[in-house]
Amino acid sequence: MAEEKSLNFIEEIIEEDLRAGKYKSIVTRFPPEPNGYLHIGHATAICLNFGLSKKYGGYTNLRFDDTNPVTEETEYVDSIKEDVKWLGAEWKNELYASDYFEQLYQFAVTLIKKGYAYVDDLTAEEIAATKGSHTEPGSDSPHRNRSVEENLQLFADMRAGRYADGEKVLRARIDMAHQNLLMRDPLMYRIRHAHHHRTGDTWCIYPMYDFAHGQSDSIEHVTHSICTLEFVPHRELYDWFIEKLEIFPSHQYEFARRNLTYTVMSKRKLKQLVEEKHVDGWDDPRMPTISGMRRRGYTPEAFQDFCDRVGIAKRENLIDVGLLEFCVREHLNKIALRRMVVFDPLKVVITNYDRENEFLEGENNPEDEDGGMRELPFGRELYIEQEDFMENPPKKFFRLFPGGMVRLKFAYIIRCDEVVKDDSGKVTELRCTYFPESRSGHDTSGIQVKGTLHWVSATNNVTAEVRLYERLFKVEDPSSEEGDFKDYINPDSLHTVTTAYAEPALRNARMDDRFQFLRKGYFTLDNKDTYHRLVFNRTVGLKDAWGKEQKK
RNA sequence: UGAGCUAUGGUGUAACGGUAGCACUGCAGAUUUUGAUUCUGCCUGUUAAGGUUCGAAUCCUUAUAGCUCAACCA
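As numbered in the numbering used here, residues 15 to 566 make up the first sequence, in order.
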């Protein structure tokens, strides 16, 4: 029995269009403005647009909406392409709104000729003042009824650079009393004597978003132009231009942008975090940017899964970041190489171990039969985690305590015989005995233990720096709290373990490797600071039933 | 206080006039050489009030709540 996969509302629209024969295949686009870095919100838009065209047999263009020369830079174009590529999205064409400047200019001329556009001399303030309000109609500009010839000449003069910034604009001639404020003679072109990252100084007039986006969609024959809900009021204008221009009718559909708990998503706020040094940069592993999450060790597969699970709709939402963490754990659990790393060492001396150091074997990944094994040096002196020993353990403590026994993962069962302390009473060393016949995989000892600990040889290991990240904010929705969102920054979002002791296999860690440090979480090499030393970022922790139990 | 959009467990999303389902979270248990993974089970929901209908989460009305809109930004 075939399982009916339910469709989201956009898929329903597309299937209906396809069924009705409106299109044979679909074209979507991902249209970032190259003025900043991509974040998770963009990632969901990418998954949506590229996912749709893949599902329904079509393609997706990557189009840079570069109509504002003063905010846009090539640097951003490059980082955006890198991020999109990393997510696994393959665009059909790399396009730029600026590629269409000449065509857009001709569109504007067409509208002028049809009497649908005019050059206005009003200042920005005057235009705002005559715009009216939600309850009051606007009033016509005194230049609204210039002749077509005059408009044509003036617009050509604008292009030719005869005017200074702000001196003139081209407006659509619609209705200054329109219910929709966006339809009250919106601006189509403004003068900007500025260098453009691609067209250089060729142009000094630039189209506004509303006169560039829909037309670009149309030029590319985009069938389904998907954007976020705040553009709903723009749809009327979008359709108006296409109708008056009589060009390919692209259609705009809107969905609700995704919000995540314990973070902020607006460019303005992210920028503040970077500029005021609350984080290390746009790619700080705590940032919700794609570059930040990549650096932290998230995988494209996890994002894809996340997008699929979250779905798509039109209502406001605040998605539990726990879902993203679940997705990344689920993927990493399958692919991560298991390794042992001790963050806070407590020396263990095995008093009855008097032979040569030996090498034991440990599987790389119990989830992967073909994952292979690696060697683990074992010896008389080892490190275990400080927190894995308690002199006076509470109930249900499965780890080491005086007289207690645990298994060392991949190795032997040991018993704690003696606790060595320094003058201040701090435990500095445990003296233990091991049971030779309890060797992992060959255990004939018959001893049952509750706990299994990770460990590292004290004489054969490699040191590394480990960075542990917590949530960047203390509250679920920093933006909706009283006062400044920055008041809710979690001051302890980064813990650095400068010297952790790792098993030797980690010496050969590669940048795209994913690791699970046993009982510690998932880690990956930091792509910036790993140079002459190893620096690992914790992507996400393991589920921690014991930690939860303790909090009770 | 004009217009538009939206309202389903704690969270996200299905059900398209006919049994409110799935996932995450949470809780309980089993297995476990990671207190991980895996497996079982459980808790929790249609914003409200009317109306139409044999039957309403779904259609209608009203109310309520949230979001969006008056940049020469996108």
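We put the CB at the ideal spot given by N, CA and C, even for glycine. Every value quoted in this text rests on a predicted model; they were computed, and no experiment measured them.
- A residue is called buried once 16 or more other Cβ atoms fall within 10 Å of its Cβ, and residue 380, having fewer, is exposed.
- Pairing residue 233 with residue 48, the inter-Cα distance amounts to about 20 Å.
- Burial check for residue 21: the Cβ neighbour count within 10 Å stays below 16, so the residue is exposed.
- Across the structure, residue 535 and residue 510 are spaced so that their CA atoms are roughly 15 Å apart.
- DSSP places residue 333 in the strand class (E or B) of the three-state scheme.
- DSSP places residue 202 inside the beta strand (DSSP E), whose first and last residues are 201 to 205.
- Taking C-beta separations shorter than 6 Å and ignoring five residues to either side along the sequence, the partners of residue 281 in its chain run 50, following chain order.
- Under the three-state reduction of DSSP output, residue 131 falls in the strand class.
- Listed in chain order, the beta strand (DSSP E) runs fully inside the segment 81 to 153 are 108 to 110, 131 to 134, counting runs of at least 3 residues.
- Distance check between residue 71 and each of 172, 41, 145, 442 places 41 closest, using alpha-carbon atoms only.
- Per DSSP, reduced to three states, the secondary structure at residue 69 is helical.
- Excluding its 5 nearest sequence neighbours in each direction, residue 325 has C-beta neighbours in its own chain below 7 Å: 22, listed in chain order.
- Three or more beta-carbon pairs separated by less than 8 Å are not found between the segment 212 to 221 and the segment 238 to 252, which leaves the two stretches without contact.
- Between residue 329 and residue 270, the alpha-carbon positions lie close to 6 Å from each other.
- Residue 446 sits in a strand when the DSSP states are folded into three classes.
- Here DSSP, grouped into helix, strand and coil, assigns residue 281 to helix.
- Boundaries for residue 22: no alpha helix (DSSP H) harbours it, and the DSSP string shows neither H nor E there.
- Taking a C-beta distance under 8 Å as the contact criterion, residue 538 and residue 529 qualify as a contact pair.
- Assignment of residue 77 by DSSP, reduced to helix, strand and coil, places it in the strand class.
- If you draw a straight line from the Cα of residue 195 to the Cα of residue 480, it is about 54 Å long.
- Ranked by Cα distance from residue 260, the options 456, 122, 517, 507 are led by 122.
- Going by DSSP, residue 430 is part of the beta strand (DSSP E) stretching over 427 to 435.
- Distance from residue 556 to residue 521 at the Cβ level is roughly 24 Å; contact not present, criterion being Cβ atoms closer than 8 Å.
- If you compare the alpha carbons of 274, 310, 365, 386 with that of residue 334, the shortest gap goes to 274.
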